[in-house]
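Reading the sequence shown from the start, the letters are residues -19 to -1, 1 to 122 in mature numbering (1 follows the signal peptide of the UniProt record, and there is no 0).
The beta carbon of each residue, even a glycine, is placed where N, CA and C say it ideally should be.
Please read these numbers as outputs of a predicted model, since none were measured by experiment.
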Amino acid sequence: MRGSLLLLSALLLLESTDGNGYDQLSQHDTDIIDKAIKAANERHGKTKHLDFDSILSSDYDKRLLNVLLKPTTCDRTEPFVHRKDCKIQNKATPQVSCVDCQGEMTCFSLREQEKIKQTVHKCLHLRSHIARDGTGILLAK
């Protein structure tokens, strides 16, 4: 009996949450993802709304977040934001990887793996130089 109640509770919880975990992410991550949704729909969107599917990689020390966006069942309409009512179509195209590197958003078709890898690699190898000017700390790329 207890096992059945536990299973039922888990199923209800799964049904009540967004399948891709968007709602469980931090405000910082959802802000970046919303920026990626806007950029991807403007550059790569065709007839269907592109929405968040998953985080491909992240490095919070380097301020890197790489997310995967996929077409949904919803038509492409503005504003370009995360839409819970749209279901991801896993096999549909275009699938888009957006890399946010220190506040700069770059989106590529998922087929452009070499460009994606280069962008992530470049971001991971940016160095921040720390200098003291007497009033505080300055960070420069």
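Which residues mark the beginning and the end of the alpha helix (DSSP H) in which residue i is found?
i	result
residue 123	Because the chain spans -19 through 122 in this model, residue 123 falls outside it and cannot be assessed.
If I'm right that residue i touches residue j with Cβ under 8 Å, what's the distance once you round it to whole angstroms?
i	j	result
A21	C88	5 Å
K68	T54	5 Å
K27	C104	The pair is not a contact, with the Cβ atoms about 28 Å apart (cut-off 8 Å).
Within 10 angstroms of its Cβ, does residue i collect 16 or more other Cβ (buried), or is it exposed?
i	result
T100	buried
N1	buried
D12	exposed
Tell me where the beta strand (DSSP E) around residue i begins and ends.
i	result
T87	85 to 90
Between which residues of its own chain and residue i is the CB-CB distance below 8 Å, once the five residues before and five after are set aside?
i	result
H30	N22, P52, T53, C55, D56, R57, T58, F61, R64, C67
So the candidates are the options; which of them puts its Cα closest to the Cα of residue i?
i	options	result
L46	H25, T28, A73, S78	S78
D15	S39, L50, Y41, H25	L50
T74	G84, E85, R92	R92
S7	H106, Y41, E95, K98	Y41
Who are the Cβ neighbours of residue i in its own chain at under 6 Å, not counting the five residues just before and after it?
i	result
I36	V48
Might you give, ordered along the chain, the residues of its own chain that have their beta carbon closer than 7 Å to the beta carbon of residue i, omitting 5 neighbours on each side?
i	result
residue 124	The requested residue 124 does not occur in the structure, where the chain is confined to residues -19 to 122.
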